[in-house]
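Numbering (full-length UniProt numbering), first residue to last: 1 to 111.
Where a beta carbon is used, it is the ideal one built from N, C-alpha and C, also for glycine.
Since the structure comes first, as structure tokens, the remarks are kept for the end.
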């Protein structure tokens with residue numbers, strides 16, 4: 001059996017290399033986590049924008065059809081223009097009265 005005789009400087013150097021590898025690994029994990037959080041926030045915004053544009057196009061299409069083909073029926077015209085206005089006012093009121101902030105707290109972060 002071979003015995004390994006290490007000097008104290010070699011042991012300190014080995015522990016230092018292991019510590020450096022651990023610190024680099026932790027930094028990589030933190031960067032990956034931050035990138036994933038940023039990607040989720042971007043996807044959330046893109047998804048919201050897509051849903052808003054689709055819904056707006058749908059509402060405009062229905063209103064256009066009612067205005068062009070049923071302009072003589074005033075109640076139908078009022079309903080086609082009034083209901084989307086009610087939904088839009090509700091959504092704007094909720095959007096402009098923010099009561100919470102959607103941020104995540106990481107352990108060990110600043111408070």
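Per DSSP, reduced to three states, the secondary structure at residue 6 is coil, with no helix or strand assignment.
For residue 88, the enclosing alpha helix (DSSP H) starts and ends at 74-96. Take the alpha-carbon of residue 57 and the one of residue 85: they are about 14 Å apart. Contact between residue 77 and residue 71 holds: their C-beta atoms lie close to 6 Å from each other, under 8 Å. Residue 60 and residue 97 have their C-alpha atoms some 26 Å from each other. In the three-state scheme derived from DSSP, where H, G and I count as helix and E and B as strand, residue 38 is classed as helix.
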